[in-house]
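S.K.: Residue numbers (my numbering): 10 to 249. Can you read through this structure? Questions will come right after.
Have a look at this one:
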């Protein structure tokens, strides 16, 4: 039987994570444990535990004598480094997956592609946050399934440690969504290559997708530079 305290801690963790992803708490905003506990109608203990978990995921940072603060968004240089790390892992993973992935894994990837296509078709008629959040979760599952299918647990753990979709999900929430139609076409090309069991073709499809993703991100950054800053000023939550 699941312990009540564990359930409460998980609930608080999910609530705080959602608020950070949705920019309820802005990047660099200070987080006051007592104020958050009051806001969520819980004691400070599960809030403190949740913040420690979020710090491990790099969503918040902790400074001695200052407490917790929402992590800043990635800089352009950091995004370039993240995408470089993705290429180092995902291109080789796709090559391995094309030759060794189980039929069940291939079916899972194909189903995820269809769900991504369906979500992309409906994203405009839903709230931005609800639509993109679901799209981002499916995209994460799509990429993780391919890396996992490579059959190398160290490669998979390295990929998950990048926290790709959390980092980019926060970025898109501020600067705007990606071009889902083009992304879906790139995903389809990856699936076709995996289905045909052609390692070099699969690796090339992933490389094109990651390069295009990086270009789309940089375009968003450049476009935002000429418009008003969408970020609200950092402030101290719960303090005067």
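Quick reminder that beta carbons are idealized off the backbone N, C-alpha and C, glycines included.
How many angstroms separate the CA atom of residue 65 from the CA atom of residue 157?
M.R.: As a first step, residue 65 must be located in the chain shown, where it is residue number 56. As a first step, residue 157 must be located in the chain shown, where it is residue number 148. Rounded to the nearest angstrom, the two C-alpha atoms are 22 Å apart.
S.K.: Tell me whether residue 52 is buried or exposed, calling it buried when 16 or more other Cβ atoms sit within 10 Å of its Cβ.
M.R.: To locate residue 52, count along the chain shown from 1; it is residue 43. Exposed, because fewer than 16 other Cβ atoms sit within 10 Å of the Cβ of residue 52.
S.K.: Have a look at 176, 151, 24 and flag the residue whose alpha-carbon is nearest the alpha-carbon of residue 84.
M.R.: Stepping through the chain shown from its first residue, residue 84 is reached at position 75. Per the Cα distances, 176.
S.K.: Among the candidates 101, 102, 155, whose CA atom is the shortest distance from the CA of residue 116?
M.R.: In the chain shown, the residue the question calls residue 116 occupies position 107. When only C-alpha atoms are compared, the closest one is 155.
S.K.: Confirm, please, whether the CB-CB distance from residue 100 to residue 216 is below 8 Å.
M.R.: Here residue 216 refers to the residue found at position 207 of the chain shown. Here residue 100 refers to the residue found at position 91 of the chain shown. In contact: residue 216 and residue 100 (Cβ atoms closer than 8 Å).
S.K.: Which residue from 202, 143, 160, 190 puts its Cα closest to that of residue 174?
M.R.: As a first step, residue 174 is located in the chain shown; it is residue number 165 there, counting from the start. The residue with the shortest Cα to Cα distance from residue 174 is 143.
S.K.: Whose CA, out of 30, 103, 92, lies closest to the CA of residue 223?
M.R.: Translated into positions along the chain shown, residue 223 becomes position 214. The option with the nearest alpha carbon to residue 223 is 92.
S.K.: Let me check understanding here. Comparing Cα to Cα, which of 77, 13, 73 lies closest to residue 25?
M.R.: Here residue 25 refers to the residue found at position 16 of the chain shown. Cα-wise, what sits closest to residue 25 is 77.
S.K.: So does the segment 191 to 205 actually touch the segment 105 to 112, counting three or more Cβ pairs closer than 8 Å?
M.R.: yes
S.K.: As an exercise, report each continuous beta strand (DSSP E) stretch of at least 3 residues that is fully enclosed by the segment 62 to 98, in chain order.
M.R.: Counting whole runs of 3 or more residues, the segment 62 to 98 contains the beta strand (DSSP E) stretches 69 to 72, 76 to 79.
S.K.: Is the beta carbon of residue 80 closer than 8 Å to that of residue 62?
M.R.: One-based indexing of the chain shown puts residue 62 at position 53. One-based indexing of the chain shown puts residue 80 at position 71. Residue 62 is not a Cβ neighbour of residue 80, given a cutoff of 8 Å.
S.K.: Rounded to a whole number of angstroms, what is the C-alpha to C-alpha distance between residue 169 and residue 44?
M.R.: Here the question's residue 169 lines up with position 160 in the chain shown. Here the question's residue 44 lines up with position 35 in the chain shown. Distance between the alpha carbons of residue 169 and residue 44: 32 Å.
S.K.: Out of 114, 121, 171, 183, which has the shortest C-alpha to C-alpha gap to residue 160?
M.R.: Translated into the one-based positions of the chain shown, residue 160 becomes position 151. Checked all of 114, 121, 171, 183; the closest Cα to residue 160 is 114.
S.K.: With a threshold of 7 Å on Cβ separation, who are the neighbours of residue 71 within its own chain once the five nearest residues in sequence on each side are excluded?
M.R.: Mapped onto the chain shown, residue 71 falls at position 62. Once the five neighbours on either side are set aside, the close Cβ partners of residue 71 are 64, 77.
S.K.: Is residue 189 buried or exposed, if buried means 16 or more other CB atoms sit within 10 Å of its CB?
M.R.: The sequence position of residue 189 within the chain shown is 180, counting from 1. With 16 or more Cβ atoms within 10 Å of its Cβ, residue 189 is classed as buried.
S.K.: Using only CA atoms, which one of 54, 219, 36 lies nearest to residue 183?
M.R.: For the purposes of this step, residue 183 is taken as the residue at position 174 of the chain shown. Here the closest residue by C-alpha is 36.
S.K.: In the DSSP assignment, the alpha helix (DSSP H) including residue 166 goes from what residue to what residue?
M.R.: Position 157 of the chain shown holds residue 166. Unbroken alpha helix (DSSP H) run through residue 166: 162 to 170.
S.K.: Excluding five sequence neighbours on each side, which residues of the same chain lie with their C-beta closer than 7 Å to the C-beta of residue 32?
M.R.: Along the chain shown, one-based indexing puts residue 32 at 23. Cβ neighbours of residue 32 beyond the five flanking positions: 182, 183.
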